[in-house]
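Straight run, no breaks: the sequence shown in this note's numbering ends on number 747.
Ideal Cβ placement from N, Cα and C applies to all residues, glycine included.
To start, the structure under review is shown below, and the notes come after it.
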Amino acid sequence: MGKRGKPAERGRRGASGGSRGAVRAGRGPHRALVAAWALVTGWVTSRTLPSWVPADRVQAFLRRVRPHYPRPGRTGYHRWIPSWRQVLGAVLVSTGLMTTGLAVAYWRTDIPADLNSFATQQDNIYYWADGSKMARTGWVSRQEMPLDKVPEDVRWAVLAAENASFYEDPGISPSGIMRAVTRMAGGGETQGGSTITQQYVKNAYLSQDQTFSRKFTEMMLALKVDNKFSKDEILEGYLNTSWFGRGTYGIQRASQAYYGKEASQLNASEGAFLASLLKGAGLYDPELGGGNRARAEERWKWTLDRMVEIGRLSPAERAEFTEFPEPTQVTGGRTDLSGQQGYLVEVAKSYVTRNGKLSDAEFDLGGLQIYTTFDKKKTEALDKSVRAARAKLDPKERKADTYVRTGATTIGTDGKILALYGGPGFLKQGFNESNAVTVPAGSAFAPFVYAAALTDGVLRDRDGPRLPVTPASLYNGQHNASVMTPEGPYWDRNGKIVKGKNDGGKSWGSSISLDTAMVNSVNSPFLQLGMDVGLDRVRHHAQNAGLLPSSLGRQVPAFSLGNSTPSAIRMATAYGTFAAGGMRTEPYSVVRVTRNGNGIPLPAVRPRRAFTAEVSRQVTEALKGVVERGTGVKAQVPGLRPAGKTGTTEDNKAAWFVGYTEREATAVVLYRMDLRKLDLLPLDGVAGSDTEPGSPLPVDIWRDYMTAVAARP
35 MGKRGKPAER GRRGASGGSR GAVRAGRGPH RALVAAWALV TGWVTSRTLP
85 SWVPADRVQA FLRRVRPHYP RPGRTGYHRW IPSWRQVLGA VLVSTGLMTT
135 GLAVAYWRTD IPADLNSFAT QQDNIYYWAD GSKMARTGWV SRQEMPLDKV
185 PEDVRWAVLA AENASFYEDP GISPSGIMRA VTRMAGGGET QGGSTITQQY
235 VKNAYLSQDQ TFSRKFTEMM LALKVDNKFS KDEILEGYLN TSWFGRGTYG
285 IQRASQAYYG KEASQLNASE GAFLASLLKG AGLYDPELGG GNRARAEERW
335 KWTLDRMVEI GRLSPAERAE FTEFPEPTQV TGGRTDLSGQ QGYLVEVAKS
385 YVTRNGKLSD AEFDLGGLQI YTTFDKKKTE ALDKSVRAAR AKLDPKERKA
435 DTYVRTGATT IGTDGKILAL YGGPGFLKQG FNESNAVTVP AGSAFAPFVY
485 AAALTDGVLR DRDGPRLPVT PASLYNGQHN ASVMTPEGPY WDRNGKIVKG
535 KNDGGKSWGS SISLDTAMVN SVNSPFLQLG MDVGLDRVRH HAQNAGLLPS
585 SLGRQVPAFS LGNSTPSAIR MATAYGTFAA GGMRTEPYSV VRVTRNGNGI
635 PLPAVRPRRA FTAEVSRQVT EALKGVVERG TGVKAQVPGL RPAGKTGTTE
685 DNKAAWFVGY TEREATAVVL YRMDLRKLDL LPLDGVAGSD TEPGSPLPVD
735 IWRDYMTAVA ARP
């Protein structure tokens, strides 16, 4: 048996010896792996050790210390509890493997020779619907700013806000990395925990993807960059490559965009605000939203206090900065955003970033060719008509003419936004009045109540059937008519019966047809009609027509009289649904986007049916009556038979006219609002008119605009 076993034994040793020789032949980090494996398995022979080491003694020692698992000589669950040797061995092996892996990764990581594409940033070019150039925006030439030209207080404002230990750390933050890994393990994005060196590496060499592999590469590169470059070189690169919003990369362009001056002229207070933008300009640029101003001021205060805390600003110097350094409106750079073009550009940009799935930072890299739906001649005609109407305002003579705002939009029945009026000029006022969602629709909402009734009928008894509605259906047109439910009058929360109030307090009799009520904008019938249809059904159909759910008001009786606050863009969209025979198409402003010749996918435009063709026809006939013999008679245009509806509110704080032809719909809204307070003011006496609720100006604008468009060859 012994002799027969020896050859086999030698064969086994020979076979294994061959593989050992292959491993032994490895170089570099593989030797560490061999040693670690030998400690655990006891796999040591004369071939895996130097000739001067007694292999038999080493083998004997390893047989004694080699962990055996499950543990022999133990019973029950004790067999599965590791010994201290096994725990120690596992720790040593894990540490060795991790160290080796990190060493290999570091060794194989190379600093890229080229910076990211933003270093060659281009303009974005917008085109009118006819293919002519509309606007050119962007920051084409980067202006590098040497670090010694950036005031030291500004540098430390950035460091205090982002990475106070920058000059001491090795390029990465172990505690920050653990936070990022913990976040990833919890199912969140891999983010946070980045030093300035890591952020510079991400800006200059990597993508913005929040993935573990990208984060790991970022850490390896950060270590190499920190080893290769000085801290000042890294900080200079970071300040020149970071995105600050408003289309700017780098501290110099940011200084020009927000304060209209060179970065070398910034003080610590201004630097503290610019440092806040590194957290996301979309959250901290006061021009981009009401909540941004409060966030920016809070972050600005924190940064200055942090500078004092780390000894880079004395308390006396900090005490000098008590007022928030308000940035200017959009300044610097070469743009064509004057007049209405700035509003058009912002609408198109919003559409592209949202539907083309581009971040603001990616958009601002430039190189985009954006082909819009905007009709140049219609935009000019609409602007001219609004300015002509506003020339009747005299704020110096009439207090009622102060804070008067006007928004208008034309949308084709195919959903294309053809023209809009957003305000006195984008560079004067960035707020787009055609997209305002703070103005109640008033009686301009009535067509949606009417369409809901024609579609679903009414329910007057809780357990009864729904009854059909026609234009000839009769309702109570009395002023102060009580709103009824199947159980009796509707009581509000104050214990009062809700009553319909007609414009001017006029009563139209106890029996008036819905068609007549629409033509003459009688409120009482539609207040009751909405209750009979069901306010939930009215909401459903208004949303189907094209109004956004977020703009729809509370479901109380006043819902039928327009407590919703849709924008002019959405009102034109919804009325355009009737013009299109009941087919609703979401509004859009861009038909095609390319970047250096390559197309960027946009969602397909697909109309969907909101109402039957018959319901749309009945609504349109009623709205044509409004223009021909009703409240919108001043909107008549020679050669056209348009449909339209005036809109007023009970408190006289909004005036609308929304009209359409078979091809397009145009909504005009007029209101008074101090943009600093965002409170609506009454329209009484605007332009010297006290003869009727609301204001005649929206009808005048619509008529003059449509006359100009109809006369166009």
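Continuous beta strand (DSSP E) assignments of at least 3 residues falling wholly in the stretch 433 to 495: Entirely contained in the stretch 433 to 495, the beta strand (DSSP E) runs reaching 3 residues are, in chain order, 438 to 446, 451 to 455.
Pro429 classed as buried or exposed, judged by whether at least 16 other C-beta atoms fall within 10 angstroms: Counting other Cβ atoms within 10 Å of its Cβ, Pro429 stays below 16 and is therefore classed as exposed.
Residues of its chain near Val627, where Cβ-Cβ distance is below 8 Å and the 5 sequence neighbours each way are ignored: Spatial neighbours of Val627 in its own chain (CB-CB distance under 8 Å, excluding positions within 5 residues in sequence) are listed in chain order as Val386, Gly390, Leu402, Gln403, Ile404, Tyr405, Gly633, Ile634, Leu636.
Cβ neighbours of Thr665 in the same chain (closer than 6 Å, five flanking residues each side left out): Taken in chain order, the residues that qualify are Ser555, Thr680.
CB of Ala564 within 8 Å of CB of Ser594, strictly: The sequence shown places Gly at residue 564, not Ala. Yes, Cβ-Cβ distance for Gly564 and Ser594 is below 8 Å.
Rounded distance between the beta-carbons of Pro591 and Leu548, thought under 8 Å: Leu548 to Pro591, Cβ: 17 Å. No contact.
Assigned secondary structure, Ser729 (DSSP; H/G/I helix, E/B strand, else coil): Three-state result, Ser729: coil.
Coarse secondary structure for Ala638, derived from DSSP in three states: Ala638: coil per DSSP, three-state reduction.
Uninterrupted beta strand (DSSP E) stretches inside the stretch 616 to 671 (no shorter than 3 residues): 624 to 629, all fully within the stretch 616 to 671.
Helix, strand or coil at Arg706 according to DSSP, with G and I counted as helix: In the structure shown, Arg706 sits in a strand (DSSP, three-state: E or B).
Assigned secondary structure, Lys295 (DSSP; H/G/I helix, E/B strand, else coil): Coil at Lys295, not helix or strand.
Closest Cα partner of Ser393 within the set Pro505, Leu416, Trp277: Ranking Pro505, Leu416, Trp277 by Cα distance to Ser393 puts Trp277 first.
Runs of alpha helix (DSSP H) lying entirely within the stretch 345 to 432, each at least 4 residues, in chain order: Qualifying alpha helix (DSSP H) stretches, in chain order: 349 to 353, 375 to 389, 394 to 398, 410 to 424.
Cβ-Cβ distance between Asp417 and Leu427 below 8 Å: For Asp417 and Leu427, no; Cβs fall outside 8 Å.
Cβ contact check for the stretch 184 to 193 and the stretch 340 to 352: 3 or more pairs under 8 Å: With a cut-off of 8 Å on Cβ pairs, the stretch 184 to 193 is in contact with the stretch 340 to 352, counting three or more such pairs.
Distance CB(Pro676)-CB(Met605) smaller than 8 Å: Contact annotation: Pro676 and Met605 have beta-carbon atoms that are not nearer than 8 Å.
Rounded straight-line distance, which links the Cα of Ser584 to that of Arg388: Between Arg388 and Ser584, the C-alpha separation is close to 18 Å.
With 16 other Cβ atoms within 10 Å as the buried cut-off, status of Ala328: That one is exposed.
Met565, enclosing beta strand (DSSP E) - first and last residue: Taken as a continuous stretch (DSSP letters only), Met565 belongs to no beta strand (DSSP E), being part of the alpha helix (DSSP H) at 557 to 567.
Start and end residues, beta strand (DSSP E) containing Asn158: Asn158 -> beta strand (DSSP E) spans 158 to 161.
When Met168, Thr413, Asp203, Gln299 are compared against Ser468, the one with the closest alpha-carbon: It is Thr413.
At least three beta-carbon pairs within less than 8 Å, the stretch 443 to 458 to the stretch 617 to 626: Contact between the stretch 443 to 458 and the stretch 617 to 626 is present, because at least three Cβ pairs lie under 8 Å.
CB contact flag (Val471, Thr337, <8 Å): No. Outside cutoff.
Cβ-based neighbour list, Ala602, same chain, cut-off 8 Å, excluding 5 preceding and 5 following: Spatial neighbours of Ala602 in its own chain (CB-CB distance under 8 Å, excluding positions within 5 residues in sequence) are listed in chain order as Gly441, Ala442, Thr443, Leu454, Glu467, Ser468, Asn469, Ala470, Ala701, Val702, Val703.
Arg280 classed as buried or exposed, judged by whether at least 16 other C-beta atoms fall within 10 angstroms: It is buried - the Cβ of Arg280 has at least 16 other Cβ atoms within 10 Å.
Three-way DSSP call (helix, strand, coil) for Ile603 in this model: Residue state, collapsed to three classes: helix.
Secondary structure of Glu698, DSSP reduced to three states: Reduced to three states, the DSSP call for Glu698 is strand.
Status (buried if at least 16 other CB within 10 Å, exposed otherwise) for Glu270: So Glu270 ends up on the buried side.
Pick from Gly294, Tyr292, Tyr272 that is closest to Gly284, judged by C-alpha positions: Considering only Gly294, Tyr292, Tyr272, the residue with the shortest C-alpha distance to Gly284 is Tyr272.
Element boundaries [beta strand (DSSP E), containing Gly681]: For Gly681, the enclosing beta strand (DSSP E) starts and ends at 677 to 682.
Supposed contact pair Asp157 and Gly400 - C-beta distance, whole angstroms, cut 8 Å: About 5 Å separates the CB atoms of Gly400 and Asp157; that is less than 8 Å, so the two are in contact.
Burial state of Tyr705 (16 or more Cβ within 10 Å): If you draw a 10 Å sphere on the C-beta of Tyr705, you find 16 or more other C-beta atoms in it, and that means buried.
Inter-residue Cα distance where the pair is Arg352 and Gly325: Straight-line Cα distance between these residues: approximately 25 Å.
Coarse secondary structure for Val235, derived from DSSP in three states: DSSP places Val235 within a helical segment (H, G or I) once states are collapsed to three.
Between the CA atoms of Thr275 and Ile735 - distance to the nearest angstrom: Going by the C-alpha atoms only, they are around 47 Å apart.
Rounded Cβ spacing between Gly610 and Glu698 (contact assumed at less than 8 Å): Separation of the CB atoms of Gly610 and Glu698 is rounded to 7 Å, and the pair is thereby assigned contact status at 8 Å.
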